[in-house]
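Heads up: the sequence shown at position 465 corresponds to 476 in our numbering, and the numbers run straight through without jumps.
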Amino acid sequence: MIIPAQFDAQNAEKKWYDYWLKNNYFRSTPDERKSYTIVIPPPNVTGVLHMGHMLNNTIQDVLIRKARLNGFNACWVPGTDHASIATEAKVVAKLKAEGIDKSTLTREVFLKHAWEWTDKYGGTILEQLKKLGASCDWERTKFTMDDDLSESVIQCFVDLYNKGLIYRGYRMVNWDPEAKTTLSDEEVIYEERQGKLYHINYQIENSDDYITIATTRPETILGDTAICINPNDERYQHLKGKQAIVPIANRVIPIIFDEYVDMEFGTGCLKVTPAHDINDYALGERHQLEIIDIFNADATLNKNGLHYQGKDRFVVRDEITEELNKINALAKTEVHLNKVGTSERTKAVIEPRLSDQWFLKMEDLVKPALNAVLKDKAIQLHPNRFENTYKHWLENIKDWNISRQLWWGHRIPAYYYGTGKEDFVVAENIEKAVELARQKTGNSALSISDLKQEEDALDTWFSSWLWPMSVFDGIRNPDNEEFNYYYPTQDLVTGPDIIFFWVARMVMAGYEYTGKQPFSNVYFTGIVRDKQRRKMSKSLGNSPDPIDLIKQFGADGVRCGLLLSASAGNDILFDEEMCQQGKAFGNKIWNAFRLIKGWDIDENIEQPQSAKIAIEWYEAKFQSVLTEIEDHFEKYRISDALMTTYKLIWDDFCSWFLEMIKPGYQQPVDAKTYATAIKFLEDNLKLLHPFMPFITEEIWQLISERNTSEALIISQWPEKKNFDNAIINEFDWASDVIAGIRTIRKEKNISFKETIELKVLNKAQVTDRFDVLIQKMGNIDSLEYVDDSVNGALSFRVNANEYFVPVAGSVNVEEEIEKLEEELKYLQGFLRSVQGKLSNEKFVSGAPEQVVANERKKESDTLSKIATIEESIANLK
Numbered sequence: 012m013i014i015p016a017q018f019d020a021q022n023a024e025k026k027w028y029d030y031w032l033k034n035n036y037f038r039s040t041p042d043e044r045k046s047y048t049i050v051i052p053p054p055n056v057t058g059v060l061h062m063g064h065m066l067n068n069t070i071q072d073v074l075i076r077k078a079r080l081n082g083f084n085a086c087w088v089p090g091t092d093h094a095s096i097a098t099e100a101k102v103v104a105k106l107k108a109e110g111i112d113k114s115t116l117t118r119e120v121f122l123k124h125a126w127e128w129t130d131k132y133g134g135t136i137l138e139q140l141k142k143l144g145a146s147c148d149w150e151r152t153k154f155t156m157d158d159d160l161s162e163s164v165i166q167c168f169v170d171l172y173n174k175g176l177i178y179r180g181y182r183m184v185n186w187d188p189e190a191k192t193t194l195s196d197e198e199v200i201y202e203e204r205q206g207k208l209y210h211i212n213y214q215i216e217n218s219d220d221y222i223t224i225a226t227t228r229p230e231t232i233l234g235d236t237a238i239c240i241n242p243n244d245e246r247y248q249h250l251k252g253k254q255a256i257v258p259i260a261n262r263v264i265p266i267i268f269d270e271y272v273d274m275e276f277g278t279g280c281l282k283v284t285p286a287h288d289i290n291d292y293a294l295g296e297r298h299q300l301e302i303i304d305i306f307n308a309d310a311t312l313n314k315n316g317l318h319y320q321g322k323d324r325f326v327v328r329d330e331i332t333e334e335l336n337k338i339n340a341l342a343k344t345e346v347h348l349n350k351v352g353t354s355e356r357t358k359a360v361i362e363p364r365l366s367d368q369w370f371l372k373m374e375d376l377v378k379p380a381l382n383a384v385l386k387d388k389a390i391q392l393h394p395n396r397f398e399n400t401y402k403h404w405l406e407n408i409k410d411w412n413i414s415r416q417l418w419w420g421h422r423i424p425a426y427y428y429g430t431g432k433e434d435f436v437v438a439e440n441i442e443k444a445v446e447l448a449r450q451k452t453g454n455s456a457l458s459i460s461d462l463k464q465e466e467d468a469l470d471t472w473f474s475s476w477l478w479p480m481s482v483f484d485g486i487r488n489p490d491n492e493e494f495n496y497y498y499p500t501q502d503l504v505t506g507p508d509i510i511f512f513w514v515a516r517m518v519m520a521g522y523e524y525t526g527k528q529p530f531s532n533v534y535f536t537g538i539v540r541d542k543q544r545r546k547m548s549k550s551l552g553n554s555p556d557p558i559d560l561i562k563q564f565g566a567d568g569v570r571c572g573l574l575l576s577a578s579a580g581n582d583i584l585f586d587e588e589m590c591q592q593g594k595a596f597g598n599k600i601w602n603a604f605r606l607i608k609g610w611d612i613d614e615n616i617e618q619p620q621s622a623k624i625a626i627e628w629y630e631a632k633f634q635s636v637l638t639e640i641e642d643h644f645e646k647y648r649i650s651d652a653l654m655t656t657y658k659l660i661w662d663d664f665c666s667w668f669l670e671m672i673k674p675g676y677q678q679p680v681d682a683k684t685y686a687t688a689i690k691f692l693e694d695n696l697k698l699l700h701p702f703m704p705f706i707t708e709e710i711w712q713l714i715s716e717r718n719t720s721e722a723l724i725i726s727q728w729p730e731k732k733n734f735d736n737a738i739i740n741e742f743d744w745a746s747d748v749i750a751g752i753r754t755i756r757k758e759k760n761i762s763f764k765e766t767i768e769l770k771v772l773n774k775a776q777v778t779d780r781f782d783v784l785i786q787k788m789g790n791i792d793s794l795e796y797v798d799d800s801v802n803g804a805l806s807f808r809v810n811a812n813e814y815f816v817p818v819a820g821s822v823n824v825e826e827e828i829e830k831l832e833e834e835l836k837y838l839q840g841f842l843r844s845v846q847g848k849l850s851n852e853k854f855v856s857g858a859p860e861q862v863v864a865n866e867r868k869k870e871s872d873t874l875s876k877i878a879t880i881e882e883s884i885a886n887l888k
């Protein structure tokens, strides 16, 4: 068999992905095995793959492939989310580019455009995930607007309404003037921005006196209906019972007193605009103030904005400031740092707005969700530090505003039959609604034409919170076989930024409808950032195209590169060098495979003792590392699991084991050693397959002819066995000896082809089990144990043993001492640096466990090297 010199990633990726699909390796149906289920966090239907998706879905694929190898019935359900706000905005923009205004269309015509858009772009991101190697059960692909999922959403709404948990209320809400819809509190991002504090004079009615109010939003004075003062503020006691005049509007408003006002902020006086601030609204209710709304839905001023009608709020801010200045009503302005609420989706500045909306009561729903994570531990968060975030959100929860003023989405199943606030019914469809309306009114003559359905759609998250259940039809048909087999799912992989939007809400829905948790573990990925620690985004232009990366480095290289730097919950600083490192690792494995397959095999020669020892060692080492890898997986340290696998294959297998068993130049290898080397290679491929599926399947299939039941993807994870830890420790010693011999050869320009002697001052009585390998790897002609040091020889120390290599010619002692002292100085400086880190409590408690362990090993290794060099210097002196 001729094996190519290079691994052809693009050809292998298409070949093996098609092969996996053709043989239904990703397909899962209920059977006698235990299920292992992951539901994909559904990306936006019109989205494209970005680096966050790459990281998130690579981790999911690692978990699902590992479960498959472990013998579970692994099911990974893919799908997309309809993303009401984002998708509607894209469709509106497309129509606008074609000269069509949404407001001129009927709902039905607009939805036709939206479905055309979805059909055209909706499958893009899922097709891109296939290039990554995602082993989803594609026949199970779901979309949150599919008929069955839509029915589940509507059924859920009706059920919660009938339980008294959903209600319609007139409330102050967060308004996105760009998307022209309300948002929940969790969809508002607060940003610190530098603005101004405007000090405005309000004249006291029937007086030349005035009162000064400080505000960050001078445009809203046109909606002022009172001035409020703290009753304990002695500066303003004389204003009780007085009224003031709003500048420009010339409207007379009362001066009221309420302890809500902070006497220390600004001038201690507050302008009250009940229509445009949630706290002002509460004040207005307490003092029965008039409500004057000055904004249109797009945040331009309406007729209450007087001569500013039709102008944008921020334009008016500048213009009204000028006008206030002209009429001597502007006392001063000053720079002011302010927190501004912005839309998570459109980035528009949010406007508080009063409107009728639909809300879901959260007080009772939240209790089992809190217990599941914090008390019962039915759900584990990884890393567990996110429990504090989860706890904070849920303990401070407010009723969920679930209505959106959008057409794209699930239309709220409320039907109005009159103009009164309670003149509506809630039902799964209009036929049922008519029956309910007749019962409610006693009017049997009511017909479908008399009912009008609510215009608003449901918040997108209201469908997503049912996702682990609805994908298995668990809401409509909770007793179906698949739902009972696959639910609860096992693992969820997502970002911490949606811990409340999605994770907590799924937990609430799971307990409300099944009494069970929707998943057992939540793995939080970090944010992928660039080298400057900036979050990757299109607007910054710092995010590479994932598909281009796959073309350049191969899917395996990108997956490996990302995961090597992605510990749970920690942000990763992305550098394309990481992908290059992943690609280089693939090349290392490929070349190791080519090396083994390039050996001639002789059935008649005996297995050398050196090969026997090497095999005994690698068997033990493999089992030791397998235990470590399993521990990493159990603790969801996916990056550590890959790094441990990486070191096993690169260092232990390629750099040591293959060198130890490699036959001499143009010599054959014995059949027993060759067969064992192939077995070890296959075991290594099994460990690596979840991380790098394509190159591992390629090598697996090239090793020997395989039928479809023997593909690597469905093979068995290596079995854990007892192992001899002593031989591992002995090899660590032997490898240091070999390294010492090679260092002397290099420093003294002694060719590796030239045999040398080795004499050992055996103070520690270390086993001679590895002597045969030391001789082979160091090209030692004779190895002798002696009772005293050897004059005229270079020495090095490993543990308590001193090794002497006689060198032809005299040794320049002063030169050797100078060289050793220089190295000693460097090592002592390095040690101080490492110990400085380890003495820093903040570093030790805050850094990942593996990072701290690495620093401790650096300290231990450096101390050992320092001791060796100090003894060598003493011997030379």
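A virtual CB, placed ideally from N, CA and C, is assigned to each residue, including glycine. It should be emphasised that the depicted structure is a prediction, and the values quoted were computed from it without experimental measurement.
Rounded to whole angstroms, Lys-599 and Val-569 show a C-alpha spacing of 16 angstroms. Straight through space, the alpha carbons of Thr-525 and Val-384 are spaced by roughly 17 angstroms.
In this structure, DSSP gives Trp-728 a state outside helix and strand, which the three-state scheme calls coil. In this structure the stretch 420-435 does not touch the stretch 394-402; the number of beta carbon pairs closer than 8 angstroms is below three.
Straight across, the Cα-Cα distance linking Arg-867 with Arg-182 is about 58 angstroms.
The continuous stretches of alpha helix (DSSP H) do not include Cys-665, and DSSP gives it neither H nor E. Taking a C-beta distance under 9 angstroms as the contact criterion, Leu-66 and Leu-560 do not qualify as a contact pair. Across the structure, Leu-874 and Lys-830 are spaced so that their CA atoms are roughly 18 angstroms apart.
In the structure shown, His-347 adopts extended strand secondary structure according to DSSP, grouped into three states. By the neighbour-count definition (other C-beta atoms within 10 Å, threshold 16), Asn-68 is a buried residue.
Under the DSSP assignment, Arg-605 falls in the alpha helix (DSSP H) whose first and last residues are 587-608. For the set Lys-451, Gly-175, Leu-417 and Met-274, the Cα lying nearest the Cα of Ile-224 is the one of Met-274.
In this structure, Ala-23 places its C-beta atom within 9 angstroms of the C-beta atom of Glu-709.
Straight through space, the alpha carbons of Ala-104 and Gly-110 are spaced by roughly 10 angstroms. Between Thr-155 and Ile-96, the C-beta spacing is not below 9 angstroms.
Sorting Lys-546, Gly-420, Leu-392 and Asn-34 by C-alpha distance to the C-alpha of Asn-718 places Asn-34 at the top. In chain order, Met-480, Phe-483, Asp-484, Gly-485 and Asn-488 place their CB closer than 8 angstroms to the CB of Phe-494, counting only its own chain and leaving out the 5 sequence neighbours on each side. For the stretch 685-739, the continuous alpha helix (DSSP H) assignments of 4+ residues that do not extend past its boundaries occur at 704-714, in sequence order. Closest by C-alpha distance to Phe-705, out of Glu-741, Ala-308 and Trp-31, is Trp-31. A straight-line Cα-Cα distance of about 27 angstroms links Tyr-292 and Glu-334.
Within a 10 Å sphere around the beta-carbon of Glu-813 sit 16 or more other beta-carbons, which makes this residue buried. With respect to the 9 angstroms criterion, Asp-244 and Ile-264 are not classified as neighbours on the basis of their beta carbons.
Bridge partners of Arg-753 according to DSSP: none are assigned.
Here the stretch 595-611 lies against the stretch 655-667, with 3 or more beta-carbon pairs under 8 angstroms apart.
Inter-residue distance for Val-771 and Lys-673 is about 26 angstroms (C-alpha atoms, whole angstroms).
For the 9 angstroms CB-CB criterion, Ile-660 and Phe-596 form a contact. Sixteen is the threshold: since fewer than 16 other Cβ atoms of the shown chains lie within 10 Å of the Cβ of Tyr-796, the residue is exposed. Taking the Cα positions, Asp-42 is about 37 angstroms away from Ala-438. With fewer than 16 neighbouring CB atoms inside 10 Å of its own CB, Gly-803 falls in the exposed class. The alpha-carbon of Lys-787 is positioned some 53 angstroms away from that of Thr-500.
For Pro-363, the enclosing beta strand (DSSP E) starts and ends at 362-371. In the pairwise beta carbon analysis, the stretch 219-233 is classified as not touching the stretch 370-381: fewer than three pairs are separated by under 8 angstroms. As the crow flies, the alpha-carbon of Leu-250 is around 7 angstroms from that of Ile-266. Residue environment: Tyr-647 is assigned as buried (16 or more neighbouring CB atoms within 10 Å of its CB, all protein chains considered). Residue pairing by DSSP puts Asp-613 in a beta bridge opposite Asp-681.
As DSSP reads the structure, Tyr-814 sits in a beta bridge with Val-771 and Phe-807.
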